[in-house]
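**Q** 726 is the number that this note's numbering gives to position 52 of the sequence shown; each next residue is one higher, with no gaps. C-beta: ideal position from N, C-alpha, C; glycine also. Bear in mind the structure is a predicted one, so any value in this text is a computation, not a measurement.
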Amino acid sequence: MNKNMWGVFVVVCALAIFAVVPASAQMAEVKDKPPMYSYVGNWSIPRAQWGDMEKANAADQKILDKAMASGTIVAYGNDVNLIHTSDGGTHDDWWSSMSMAGVLSVLDQFYKNGNPTTPVLVSATKHWDGLYVSRYYNWRSGSWKDTYSRVAAYKLKPDAPNDAVESLSKHLFVPMLEKLLADGAINEYEIDTEAIHTEAPGTFWVDIIAANAEGLDKFNAAVRELGKSDPLAGVAIGSVVDYSSHRDYLMRTNATYK
């Protein structure tokens, strides 16, 4: 994807907020959902141990399947980073719940099971966790192997409105992503902020899981078309997002959603 593509997307979203269509009419199209919490463990694993990481993920599945069956969590999965950076991670594992209690219940099981001290995780050269919350999300039920996740990270400018993420989500992010979901191009999307702040306030993430590599192309095409279809797309609204902090991530994903 062109590195500026998501930037254009955000600009168009910001423009849509100030469009002629009454705000009340736009807001009625997308409503907040109950908060969904996601715990993500990120790891930098030496290349020689990547095979061991796959085995560790398979061993974790028993706990995760049991939590899914009981309704404690609604989704789980793991990712392998495809675009490596000098200071970034190589792998992550995650699960999502409709309550923080559900997320922490699974985390507690992993600690009691000795998961953090398995040899492959001990071999990690770097590790960090995140706990996120989303009120804008949707998915297709099922399990998928070797799909692709596309994540765009943004940071709002200090003077951005308090409801900037909400407005961007309701006015344009969600309508476009819902169409891609209905068309089968993506399996899941969510717009996350931190539930526990380990990064600067104002950071948010737009995440998708594409159905396949072709789904990524369909997503890219939808973003390009969105920019072309709005006559105001060339006008910058630079007061909302700090583009210098923007980062993209591409990962190979195994995921299960209830």
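Under three-state DSSP, which class holds residue 707?
**A** It is coil, neither helix nor strand.
**Q** Taking 8 angstroms as the cut-off, decide whether the C-beta atoms of residue 781 and residue 863 are in contact.
**A** Cβ atoms of residue 781 and residue 863: not closer than 8 angstroms.
**Q** What does the alpha-carbon distance come out to for the pair residue 873 and residue 919?
**A** One C-alpha to the other measures close to 12 angstroms.
**Q** Rounded to the nearest angstrom, what separates residue 705 and residue 846 at their Cα positions?
**A** If I take the Cα positions, the gap works out to 13 angstroms.
**Q** Cα separation between residue 895 and residue 888?
**A** Their backbone Cα atoms lie some 11 angstroms apart in a straight line.
**Q** Compute the Euclidean distance between the alpha carbons of residue 716 and residue 849, then round it to the nearest angstrom.
**A** Cα-Cα distance, rounded: 30 angstroms.
**Q** Give the straight-line distance between the Cα atoms of residue 886 and residue 859, rounded to the nearest whole angstrom.
**A** Distance between the alpha carbons of residue 886 and residue 859 is about 8 angstroms.
**Q** With distances taken between CB atoms, is the gap from residue 890 to residue 811 smaller than 8 angstroms?
**A** The answer is no: Cβ separation not under 8 angstroms.
**Q** Could you tell me the boundaries of the beta strand (DSSP E) in which residue 866 lies?
**A** Where residue 866 is concerned, the enclosing beta strand (DSSP E) stretches over 860 to 868.
**Q** Can you find the residues in the same chain that come closer than 7 angstroms, C-beta to C-beta, to residue 697, ignoring five residues on each side of it along the sequence?
**A** Interpretation of residue 697 is limited by its pLDDT of 43, a score under 50 that renders its predicted location unreliable; the figure taken from the coordinates is listed afterwards. Counting only Cβ-Cβ distances below 7 angstroms, and skipping sequence neighbours, we find nothing.
**Q** Taking 8 angstroms as the threshold (C-beta atoms), are residue 718 and residue 799 in contact?
**A** Yes, Cβ-Cβ distance for residue 799 and residue 718 is below 8 angstroms.
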